[in-house]
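**Q** Sharing a structure, written as structure tokens. Questions coming.
Numbering (the numbering used here), first residue to last: 2 to 404.
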């Protein structure tokens with residue numbers, strides 16, 4: 002396999018930004034990617050990132066960068082409200098794209114990006130990371146092994162970006178959601194500083210029930226920003242359960258009238274003098290083990306393993322003309338569950354079937370607020386939006402407390 006030329010659009014404002022952590026991972030995967038260019042409206046951040054990563058091709062204009070550098074892949078890491086405009090621009094120029102999560106700020110907007118990719122024969126991967134964390138990979142292996150018996154139900158608490166949590170549930174269960182029942186309310190909280198740096202004194206609380214294929218139900222809650230629960234999820238079967246948050250997890254099996262706990266054991270090895278994650282396992286009667294495919298790159302942090310998986314997925318998709326491992330269809334399903342929960346809440350908490358039919362009221366309001374805030378429609382005026390100054394907090398936060 003030959004290395005692909007990749008350009009990163011949006012370098013982040015800080016040295017420890019998520020965008021720059023992705024760039025560091027790109028640099029480690031040097032046999033499959035060559036970082037050909039960086040692009041950002043902020044010239045200072047752009048020059049700083051260019052110096053840090055040894056990139057000379059620096060641009061403040063997306064279209065100019067795409068036309069002059071002609072990358073194989075554009076990784077779109079701009080703020081959420083700007084992602085679809087940049088993705089549409091790249092796809093219409095015949096460039097394969099990776100975008101940050103979520104799928105889009107509305108399902109129809111994501112569908113427009115998917116259509117542009119299809120019309121221009123390019124691939125689109127969405128950078129959902131949770132299902133790619135090593136412990137989450139092992140959880141799916143545990144469910145597939147049958148040691149939990151028949152899966153009966155699940156529980157999910159997720160404090161931000163619920164599509165992450167739904168992604169974890171869908172992946173571990175290996176099932177699709179069929180219908181949801183939801184409730185949502187804005188509640189007062191102690192003062193806190195939001196992701197966008199603003200002082201907030203309220204937060205959306207929401208909950209619901211997600212019914213999957215085979216009658217497996219998941220109880221869901223997104224607690225207030227300042228609350229008693231962090232992100233956590235559980236999957237229960239007739240013979241035991243999985244519990245944790247993707248970083249600290251355990252398997253519990255019902256044996257001889259009691260409960261036997263099996264901690265997830267992270268094993269490390271030395272690679273060129275560095276301590277690197279080699280595998281994760283549970284020592285059941287027949288041990289179940291996930292092995293790190295990126296050990297030779299010295300990629301060890303759980304989220305960096307996920308980043309490498311996303312980048313490798315796109316490399317395979319482009320090189321062999323296959324679909325990305327996650328892709329737009331899965332990203333859409335994860336986000337659709339959340340919109341369905343909010344639509345159920347709007348309708349008085351009745352059941353809403355999936356897939357959704359038509360555009361939800363919340364999506365309509367999001368599109369209207371977007372056009373009001375930025376002066377242009379996100380689909381029809383994508384090119385004009387390339388020059389907009391996008392807020393760090395999306396319109397979805399303004400209307401629904403959703404990152």
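Just so you know, even glycine gets a beta-carbon here, dropped at the ideal spot from N, CA and C.
Can you find the residues in the same chain that come closer than 8 Å, C-beta to C-beta, to residue 324, ignoring five residues on each side of it along the sequence?
**A** For residue 324, where only same-chain residues beyond five positions count, the Cβ hits under 8 Å are 124, 318.
**Q** Between the region 157-167 and the region 336-355, are three or more C-beta pairs nearer than 8 Å?
**A** Flag = yes, the region 157-167 and the region 336-355 touch.
**Q** Mark residue 84 as exposed unless 16 or more other C-beta atoms lie within 10 angstroms of its C-beta, in which case mark it buried.
**A** It counts as buried.
**Q** Where does residue 267 sit, in a helix, a strand or coil, going by DSSP?
**A** Reduced to three states, the DSSP call for residue 267 is strand.
**Q** Give the straight-line distance between the Cα atoms of residue 46 and residue 281, rounded to the nearest whole angstrom.
**A** Distance between the alpha carbons of residue 46 and residue 281: 37 Å.
**Q** Does the count of Cβ pairs from the region 61-75 and the region 2-22 closer than 8 Å reach three?
**A** Counting Cβ pairs under 8 Å, three or more are found: they touch.
**Q** Hey, out of 113, 231, 198, 251, whose CA is closest to residue 143's CA?
**A** Out of 113, 231, 198, 251, 251 has the C-alpha closest to the C-alpha of residue 143.
**Q** Considering only residues of the same chain and omitting the five flanking positions on each side of residue 366, which have a CB-CB separation below 8 Å?
**A** Cβ neighbours of residue 366 beyond the five flanking positions: 400.
**Q** Quick check on DSSP: helix, strand or coil for residue 6?
**A** In the structure shown, residue 6 sits in a strand (DSSP, three-state: E or B).
**Q** Would you say residue 386 lies against chain D (beta-carbon separation less than 9 Å)?
**A** The chain inventory of the structure shown lacks chain D, comprising one protein chain alone.
**Q** Excluding the 5 residues flanking residue 263 on each side, which residues of the same chain have their C-beta closer than 8 Å to its C-beta?
**A** Once the five neighbours on either side are set aside, the close Cβ partners of residue 263 are 251, 252, 253, 254, 283, 284, 285.
**Q** I want to know whether the region 204-217 touches the region 135-142 - three or more CB-CB distances under 8 Å.
**A** Touching, no, given that fewer than three Cβ pairs across the two stretches are closer than 8 Å.
**Q** Using the three-state DSSP reduction, which class does residue 140 fall into: helix, strand or coil?
**A** Helix at residue 140.
**Q** The alpha helix (DSSP H) with residue 113 in it runs from where to where?
**A** Element bounds for residue 113: 108-120.
**Q** Rounded to the nearest angstrom, what separates residue 368 and residue 99 at their Cα positions?
**A** Distance between the alpha carbons of residue 368 and residue 99 is about 23 Å.
**Q** Go through the region 12-83 residue by residue and report every complete run of the beta strand (DSSP E) that reaches 3 residues or more, in order.
**A** Qualifying beta strand (DSSP E) stretches, in chain order: 34-40, 74-77.
**Q** What does the Cβ neighbour count give for residue 217, buried or exposed, with the cut at 16 atoms within 10 Å?
**A** Residue 217 is buried by the Cβ-count criterion.
**Q** Report the option in 49, 342, 266 whose CA atom is closest to the CA atom of residue 178.
**A** Comparing Cα positions, the closest option is 342.
**Q** My parser needs the beta strand (DSSP E) runs of 3 or more residues fully inside the region 154-205; what are they?
**A** List check, beta strand (DSSP E) in window: 178-194.
**Q** Measure the CB-CB distance between residue 265 and residue 287 and report whether it falls below 9 Å.
**A** Not in contact: residue 265 and residue 287 (Cβ atoms no closer than 9 Å).
**Q** Run through the region 254-335 for me and flag every whole beta strand (DSSP E) of 3 or more residues, listed as ranges in chain order.
**A** As far as the region 254-335 is concerned, its whole beta strand (DSSP E) runs of at least 3 residues are 259-264, 266-272, 275-283, 289-292.
**Q** On the premise that residue 180 lies in contact with residue 354, defined as a C-beta separation below 8 Å, what is that separation, rounded to the nearest angstrom?
**A** At roughly 5 Å, the Cβ-Cβ gap stays under 8 Å, so residue 354 and residue 180 are in contact.
**Q** Measuring only the C-alpha atoms, how far is residue 347 from residue 292?
**A** Residue 347 and residue 292: Cα-Cα distance of roughly 45 Å.
**Q** Can you grab the Cα-Cα spacing for the pair residue 107 / residue 272, in whole Å?
**A** So the alpha carbons of these two residues sit roughly 44 Å apart.
**Q** Take residue 148 as the anchor and find which of 239, 230, 215 has the nearest alpha-carbon.
**A** Minimum Cα distance to residue 148 is reached at 239.
**Q** For residue 241, count neighbouring Cβ atoms within 10 angstroms of its own Cβ and tell me buried if that reaches 16, exposed if not.
**A** Answer is buried; the Cβ neighbour count reaches 16.
**Q** Under a three-way DSSP split, which group does residue 86 fall into?
**A** Helix at residue 86.
**Q** From residue 92 to residue 58, what distance separates their C-alpha atoms?
**A** Cα-Cα distance, rounded: 21 Å.
**Q** DSSP three-state label for residue 250, please.
**A** Residue 250 falls in the strand class under three-state DSSP.
**Q** Quick test of your reading: residue 196 and residue 404, contact by CB under 8 Å. State the CB separation rounded to the nearest angstrom.
**A** At roughly 6 Å, the Cβ-Cβ gap stays under 8 Å, so residue 196 and residue 404 are in contact.
**Q** Whose CA, out of 392, 380, 269, lies closest to the CA of residue 113?
**A** With distances taken between Cα atoms, residue 113 lies closest to 380.
**Q** Is DSSP giving residue 215 helix, strand or coil here?
**A** In the structure shown, residue 215 sits in a helix (DSSP, three-state: H, G or I).
**Q** How long is the line joining the alpha carbons of residue 221 and residue 37, rounded to whole angstroms?
**A** The alpha-carbon atoms of residue 221 and residue 37 are separated by roughly 43 Å.
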